[in-house]
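Trainee: Heads up: take any position in the sequence shown, counting from 1, add 120, and you land on the working numbering.
Ideal Cβ positions, reconstructed from N, Cα and C, are used throughout, including at glycine.
Quantities reported herein were computed from a predicted structural model and do not represent experimental measurements.
I am attaching a structure below and will ask some questions about it afterwards.
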Amino acid sequence: MTATRLPSNSPGSVATVAEPAIDPLLVVRELVSLRRLVGLYPADHPLIGEKLRELDAAVRRQLDEQPELQVDIVRGDVHVDGEPFRQESRAHAHLIAELTELGVQSVCIRHGVSADELRATAEFLWRYDGKPGGESVQERLQREGVRHVSLGRIVPLDTRWASRKWPDAPDGALDPAYEEALGMAQEAFHRVSSGGDLDAGAVRDTVQLLIQRVAGSHVALGHVLAVKHYENLTWCHSVNVAMLSLLIGRQVRLDPESIVSLVEAALLHDIGKTRVPLEVVQKPGALDRSERKLIEAHATYGGEILAGTGGLRPLTATVALEHHRWMTGGGYPDLGAGVLPHPMSQIVSVADVYEALTGARSYKPPTPPERACVILARIAGEQLNAALVKAFIGTITFFPIGSFVRTSRDEVGVVVRTSSEDPLRPVIMLLRDDGEAVMEEVDLAGPGGEHRHIVESVPAPEGAPSLGDIL
Ligand SMILES: [Fe+2]
Ligand SMILES: [Fe+2]
Numbered sequence: 121m122t123a124t125r126l127p128s129n130s131p132g133s134v135a136t137v138a139e140p141a142i143d144p145l146l147v148v149r150e151l152v153s154l155r156r157l158v159g160l161y162p163a164d165h166p167l168i169g170e171k172l173r174e175l176d177a178a179v180r181r182q183l184d185e186q187p188e189l190q191v192d193i194v195r196g197d198v199h200v201d202g203e204p205f206r207q208e209s210r211a212h213a214h215l216i217a218e219l220t221e222l223g224v225q226s227v228c229i230r231h232g233v234s235a236d237e238l239r240a241t242a243e244f245l246w247r248y249d250g251k252p253g254g255e256s257v258q259e260r261l262q263r264e265g266v267r268h269v270s271l272g273r274i275v276p277l278d279t280r281w282a283s284r285k286w287p288d289a290p291d292g293a294l295d296p297a298y299e300e301a302l303g304m305a306q307e308a309f310h311r312v313s314s315g316g317d318l319d320a321g322a323v324r325d326t327v328q329l330l331i332q333r334v335a336g337s338h339v340a341l342g343h344v345l346a347v348k349h350y351e352n353l354t355w356c357h358s359v360n361v362a363m364l365s366l367l368i369g370r371q372v373r374l375d376p377e378s379i380v381s382l383v384e385a386a387l388l389h390d391i392g393k394t395r396v397p398l399e400v401v402q403k404p405g406a407l408d409r410s411e412r413k414l415i416e417a418h419a420t421y422g423g424e425i426l427a428g429t430g431g432l433r434p435l436t437a438t439v440a441l442e443h444h445r446w447m448t449g450g451g452y453p454d455l456g457a458g459v460l461p462h463p464m465s466q467i468v469s470v471a472d473v474y475e476a477l478t479g480a481r482s483y484k485p486p487t488p489p490e491r492a493c494v495i496l497a498r499i500a501g502e503q504l505n506a507a508l509v510k511a512f513i514g515t516i517t518f519f520p521i522g523s524f525v526r527t528s529r530d531e532v533g534v535v536v537r538t539s540s541e542d543p544l545r546p547v548i549m550l551l552r553d554d555g556e557a558v559m560e561e562v563d564l565a566g567p568g569g570e571h572r573h574i575v576e577s578v579p580a581p582e583g584a585p586s587l588g589d590i591l
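Next up, the structure:
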């Protein structure tokens, strides 16, 4: 179907092409342009009338043959009526970002829509700041007389369309020390959620295991850094956040004592989730307001649990309380204006966001590392400490060790070494076509890299050798 969408003057266009050459992204583009115009110009400006006519005509052409037009933006790519348009999306990424930055990832326009409704939708989008208010978006649109347009986030749609069950923990051959640390964290979290006390001695042992053994294993780091095709349950997520925090701590040259404090705090930052009902923690999809409040309470609960546990380091409770606070004073819990999170909390926040993005949830597939880095860069300065984000991306690079990647020659390889000097051109081990064995090592920054570059990271191919065999 995609191949038939050729412009009429393109060399590949022939009379047998049945479908009319409609620009699939036209409606989105016209709507975003109209949004800008109604925001910037007086209401009676001729440019607004002209753009509105263009949008109305584009909508009418689409709705001529179908009852509704459904546009979803899934991970930056526009899907029109369920069909993805990746190339076109890339070409208009800046326009698409205008919608997604507002939190609008789904637009449905139904038969019967009037030009006035389209204009009111554009005006609403100009005023809308994406922040949850008392009334729902749909109620606010209705109040403006918009009955044939719906705007939404993709999360509930994803839940309905693509909800899937991921394994609870990484499987396959794991680094033994990493596996042991996962087991210890699971036990500690389980004990607290069943009403027991946190065992500070076991926490200290886990921290030492992470620093002494796990941090020295490339295979373990590969598991922690690359895309995680398993549900990142709290104990697993916590071990990973502890490892990522350690990488940042070393990069910013914290002394060994501070590293121990940092790893302990990161390991326990989400311990408050043991007091939140599991069905809320694991709920696939959007949370309602009371569920959101419950989830947000995990930071305060964590601070309380840790402050009441003897034998822990002084900053551990602080980090649990502050890890969802922003650099600009936003986030939760409300600790008063002008209260900046402690530097240790700022480190854990960077690690926490990256780990959550690259982990799978029942309502979302994992975000590949290179996209997660771009997202971190986007929220640096406001939500996260910009210097720490820079240090983190410098350490892990866009295609971290252990990532499976596709090259511009359509080969698949595994990243075996990275360089902070050249974060886009690591050393990769190419895999055989059937994915089952390794072929040769190529340094993309060296002579072998002249003719190829990495296009994207990909899931591990079926039957691929384990990281333990490669790294
Ligand atoms: Fe958290
Ligand atoms: Fe977390």
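From glutamate 259 to glutamate 237, what does the alpha carbon distance come to, in whole angstroms?
Mentor: 14 Å
Trainee: Helix, strand or coil: how does DSSP classify alanine 282 here?
Mentor: Its pLDDT being 39, under 50, alanine 282 is placed unreliably in this model, and the value from its coordinates should be taken loosely. If DSSP states are grouped into helix, strand and coil, alanine 282 belongs with the helices.
Trainee: Within 10 Å of its beta-carbon, does methionine 559 have 16 or more other beta-carbons around it, so buried, or fewer, so exposed?
Mentor: exposed
Trainee: Assuming the contact rule is C-beta atoms closer than 8 Å, valine 459 and asparagine 505 should be a hit. Round their C-beta distance to whole Å, please.
Mentor: Cβ-Cβ separation between valine 459 and asparagine 505: approximately 15 Å, too far for a contact (criterion under 8 Å).
Trainee: If we count the other Cβ atoms within 10 Å of its Cβ and call it buried at 16 or more, is serine 577 buried or exposed?
Mentor: Looking at its Cβ environment, which holds 16 or more other Cβ atoms inside 10 Å, serine 577 is buried.
Trainee: Is it buried or exposed, histidine 467, if we count other Cβ atoms within 10 angstroms and call 16 or more buried?
Mentor: Position check: residue 467 holds isoleucine in this sequence, whereas histidine was assumed. Buried, by the Cβ-count rule.
Trainee: Does the distance from the C-beta atom of alanine 362 to that of alanine 340 stay below 8 Å?
Mentor: No, the pair does not count as a contact, with Cβ atoms beyond the cut-off.
Trainee: Enumerated in chain order, which unbroken segments of the beta strand (DSSP E) with a length of 3 residues or greater are wholly contained in the region 555–588?
Mentor: 558–563 and 574–577
Trainee: Would you check whether ligand 2 has a heavy atom nearer than 7 Å to the C-beta of valine 361?
Mentor: yes
Trainee: Would you call the region 377–385 and the region 329–348 in contact, with 3 or more CB pairs under 8 Å?
Mentor: yes
Trainee: Pull up the CB-CB distance for aspartate 464 and glutamine 503, whole angstroms please, since I reckon it's below 8 Å.
Mentor: The residue you asked about is not aspartate; residue 464 is methionine in the sequence shown. Taking C-beta atoms under 8 Å as the contact rule, methionine 464 and glutamine 503 fail to qualify, at a distance of about 17 Å.
Trainee: How many Å lie between valine 257 and arginine 230 at the Cα?
Mentor: Whole-angstrom Cα-Cα distance: 17 Å.
Trainee: According to DSSP, which residues form a beta bridge with alanine 511?
Mentor: Answer is none; alanine 511 lacks a bridge partner.
Trainee: Can you tell me which residues fall inside 5 Å of ligand 2, judged by beta-carbon distance to its nearest heavy atom, and keep chain order?
Mentor: Asp390 and Asp472
Trainee: For tryptophan 246, which option in Arg206, Leu154 and Arg395 has the closest C-alpha, if you only look at C-alpha atoms?
Mentor: Leu154
Trainee: Taking DSSP as the reference, what is the three-state secondary structure of threonine 478?
Mentor: helix
Trainee: Strictly by DSSP, which residues pair up with phenylalanine 524?
Mentor: Val534
Trainee: Aspartate 197 bridges to which residues according to DSSP?
Mentor: Val194
Trainee: Helix, strand or coil for valine 275? Go by DSSP, reduced to three states.
Mentor: The predicted position of valine 275 is uncertain, since its pLDDT is 43 and thus under 50; no value can be drawn from it.
Trainee: Using only the alpha-carbon positions, how far apart do glutamine 262 and proline 144 sit?
Mentor: 27 Å
Trainee: Taking 7 Å as the cut-off, does the CB of alanine 593 come closer than this to any heavy atom belonging to ligand 1?
Mentor: As shown, the chain starts at 121 and ends at 591. That puts residue 593 outside it, with no answer to give.
Trainee: With DSSP as the reference, label proline 204 as helix, strand or coil.
Mentor: strand
Trainee: Assign arginine 495 to buried or exposed, taking buried as 16 or more other Cβ atoms, counted over all protein chains shown, within 10 Å of its Cβ.
Mentor: Checking the displayed sequence, the identity of residue 495 turns out to be isoleucine instead of arginine. Exposed: under 16 other Cβ atoms inside 10 Å.
Trainee: Can you tell me the Cα-Cα spacing of lysine 251 and glutamate 264, whole angstroms?
Mentor: 18 Å
Trainee: DSSP three-state label for glycine 422, please.
Mentor: helix
Trainee: Span of the beta strand (DSSP E) holding methionine 549?
Mentor: 547–551
Trainee: Going by CA-CA distance only, name the one from Asp554, Ile574, Leu564 and Arg572 that's closest to glutamate 582.
Mentor: Asp554
Trainee: What is the rounded straight-line gap between the Cα of arginine 156 and the Cα of threonine 487?
Mentor: 30 Å
Trainee: For glycine 321, does the count of other Cβ atoms within 10 angstroms reach 16, so buried, or fall short, so exposed?
Mentor: exposed
Trainee: Please classify proline 520 as buried or exposed, where buried requires at least 16 neighbouring CB atoms within 10 angstroms.
Mentor: Counting Cβ neighbours within 10 Å, proline 520 comes out buried, since at least 16 surround it.
Trainee: For serine 270, which three-state DSSP category applies?
Mentor: strand
Trainee: Taking contact to mean at least 3 C-beta pairs separated by less than 8 Å, is the region 416–429 in contact with the region 391–405?
Mentor: yes
Trainee: Identify every run of the alpha helix (DSSP H) within the region 338–389, keeping only runs that are complete inside it and at least 4 residues long; order them along the chain.
Mentor: 338–345, 354–371 and 376–387
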